[in-house]
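Student: Quick note: the sequence shown uses the working numbering, first residue 388, plus one each step.
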Amino acid sequence: MCIGNRDGGDDAVGPYIADKLKEKKIDVLDCGVIPENYTSVVKKHKPKNLVIIDAVDMGLSPGEIRRVPKEKIGVMHISTHGIPIPVLINYLENYIKKIIFIGIQPKSMSGRLNDIVKKNANYLLDLILNNQLEKIEILG
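1) Are Cys418 and Met445 touching if we call contact CB-CB under 8 Å?
2) Within a Cβ cutoff of 6 Å, which residues of the same chain sit near Pro493, ignoring the five residues on either side of it in sequence?
3) Please specify which runs of the beta strand (DSSP E), each continuous and at least 3 residues long, are wholly inside the stretch 398-468, giving them in chain order.
4) When you compare the CB positions of Leu437 and Leu500, do they come within less than 8 Å of one another, or not?
5) For a quick check, are the C-beta atoms of Arg453 and Ile525 less than 8 Å apart?
6) Count the other CB atoms, across all protein chains shown, that sit within 10 Å of the CB of Pro456; report buried if there are 16 or more and exposed otherwise.
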């Protein structure tokens with residue numbers, strides 16, 4: 388699940404990654420800013436694992452990527468969406484064995500996608516395509 392606003396500066400990182408994964412014929416949901424509208428699709432397909440990608444203010448340098456543990460999600464600012472991400476994850480945990488939340492630190496939530504965020508989004512794409520998400524540092 389890639390989340391974000393295409394017109395929201397670095398919040399567009401989720402849709403950017405979704406587009407690139409679609410080009411590679413990878414199953415992906417481009418959820419925009421209303422990920423709750425896609426929960427029925429997730430429930431129908433019942434994946435063992437689910438990766439959620441979103442722009443997240445983690446207090447890091449722009450473009451930095453982290454796996455965000457569930458207990459950290461509720462205490463940070465996650466880009467504006469229809470439903471809080473912790474609520475979405477709590478709901479999906481009833482249907483999915485493993486959920487990995489990946490945050491990318493935005494620089495700006497207006498204008499266009501910043502170069503450093505795009506560069507690191509491409510690095511994240513490589514990790515996804517090579518099944519190497521464990522290489523992403525866990526947010527401490």
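Glycine included, every Cβ here is placed at the ideal spot set by N, Cα and C.
Tutor: Quick answer:
1) Working through the sequence shown from its first residue, we reach residue 418 at position 31. Working through the sequence shown from its first residue, we reach residue 445 at position 58. Going by C-beta atoms, Cys418 is not nearer than 8 Å to Met445.
2) On the sequence shown, residue 493 is found 106 positions in, with the first residue counted as 1. Residues Asp397 and Ala442 of the same chain have their beta carbon placed closer than 6 Å to that of Pro493, with the five preceding and five following residues left out of the count.
3) Counting only runs of 3 or more, we get 417-419, 436-444 and 452-454.
4) As a working mapping, residue 437 is identified with position 50 in the sequence shown. As a working mapping, residue 500 is identified with position 113 in the sequence shown. By the CB criterion at 8 Å, Leu437 and Leu500 fall outside the cutoff.
5) Along the sequence shown, read from residue 1 onward, the residue named residue 453 stands at position 66. Along the sequence shown, read from residue 1 onward, the residue named residue 525 stands at position 138. When the beta-carbon positions are compared, Arg453 and Ile525 come within less than 8 Å of each other.
6) In the sequence shown, residue 456 corresponds to position 69, counting from 1. A residue is called buried once 16 or more other Cβ atoms fall within 10 Å of its Cβ, and Pro456, having fewer, is exposed.
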